[in-house]
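Each remark here refers to the structure printed beneath this line.
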Amino acid sequence: MLAILAILGVRLIKAVFITYGLIKNPSLEGAILYKHAVQIPNADGEFSDVPASERVVCLHLGAKFHHPAGIFAADSWEMGNHLSKMICELDDNMDSNGFLGGSQWQSYDQRGALETNFIAYWRSLEDVHRFAHGETHRKAWDWFNSLAKEQSALLGINHELFSSEPGQWEAIYSNFQPTLLGATTYLKKGDKLIGGTVEDKWISPLVDARRGKLRTSAGRLGWQPDLLEEKYGQH
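Sequential numbering of the sequence shown, starting at 1, is according to the UniProt record's numbering.
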């Protein structure tokens, strides 16, 4: 009992110190403390003057665990291994496979079953289909199809696929660490110049959105920046 009270006391004191600025808030580490938006560069890593000028494709790859042992069931472990192999393959070949990055999320439904979702961003639908028909994903699919009906019923799988054309997507963040589309990375290709070589490097799509075109949703879509405010009123 004393140990529990001591832990609660330490946490309370820490919360008070953070609230009054006496110590740093660890939750804000790495956060960008102003409005920032995503602008996707082209295949060479160059940004356009026109917002939302590139297509973006989003794949949701989901799993659900109905087994009473949850993720500790043997088949659940095997599914996790297949997913890990797919993600590693995508990460290792980002310079050529059209994969821009992804993040994993977990939730529980009203019955307590765990759901996981891998949200992945891509250059094109063709890149997604190439991955889906590749060896690593095919092995995972063949494994799932090989399970007996009673076994496979304890594992749920799904995917959702969306393709947003240029001018049909936008993203805005404030007081956030890079997340979702904002956590993707892009290869900016180097070049040989007089006097040296500019090396390839990976860049972030996040840009300042406190002023200019990116200040409004319409502007981030590549439309006339005040179009929505004129139509629906100022927020």
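For each residue, glycine too, the CB sits at the ideal point set by N, CA and C.
Whose C-beta lies closer than 7 Å to the C-beta of residue i among residues of the same chain, with five residues either side of it excluded?
i, result
"SER217", "GLU170 and LEU228"
"ILE140", "The question names Ile, but residue 140 is Ala in the sequence shown. Excluding sequence neighbours, ALA140 sits near HIS82 and MET86."
"LEU33", "ASN175"
Going by C-alpha distance, which of the options is nearest residue i?
i, options, result
"GLN104", "ALA113, SER124, GLY98 and ILE119", "ILE119"
"LEU61", "PHE72, HIS137 and VAL16", "HIS137"
"ARG111", "GLY70, GLU89 and TYR121", "GLY70"
"ALA113", "LEU59, TRP202 and LYS64", "LYS64"
"TRP202", "ALA31, ASP95, GLU230 and VAL57", "ASP95"
"PHE144", "GLY134, ILE157, GLU135 and ALA132", "ILE157"
"VAL207", "ASP109, THR19, PHE47 and GLU199", "PHE47"
With burial defined as no fewer than 16 other Cβ atoms inside 10 Å of the residue's Cβ, what is the status of residue i: buried or exposed?
i, result
"GLU54", "buried"
"LYS213", "buried"
"VAL16", "exposed"
"THR179", "exposed"
"PHE162", "exposed"
"ALA183", "buried"
"ILE40", "buried"
"LEU22", "exposed"
"GLY98", "buried"
"CYS88", "exposed"
Terminal residues of the continuous beta strand (DSSP E) containing residue i?
i, result
"VAL16", "No beta strand (DSSP E) contains VAL16, which is instead part of the alpha helix (DSSP H) from 2-19."
"HIS159", "155-164"
"LEU59", "56-65"
Excluding five sequence neighbours on each side, which residues of the same chain lie with their C-beta closer than 8 Å to the C-beta of residue i?
i, result
"HIS67", "ALA73, ASP75, SER76, LEU154 and LEU155"
"ASP44", "LYS188 and LYS189"
Which same chain residues end up closer than 6 Å to residue i when comparing Cβ atoms and leaving out the 5 residues on each side of it in sequence?
i, result
"ARG220", "ALA37, PRO51, GLU170 and LEU214"
"GLY167", "ALA52, LEU221 and GLY222"
"LYS35", "SER174, ALA209 and ARG210"
Under the DSSP definition of a beta bridge, which residues are partnered with residue i?
i, result
"VAL207", "ALA37"
"TYR108", "LEU114"
"ALA99", "Note that residue 99 is Phe in the sequence shown here, rather than Ala. PHE99 pairs with TRP122."
"LYS201", "LYS188"
Since residue i is in the alpha helix (DSSP H), which residue starts that stretch and which ends it?
i, result
"GLU78", "74-92"
"GLU229", "227-232"
"ASP142", "135-146"
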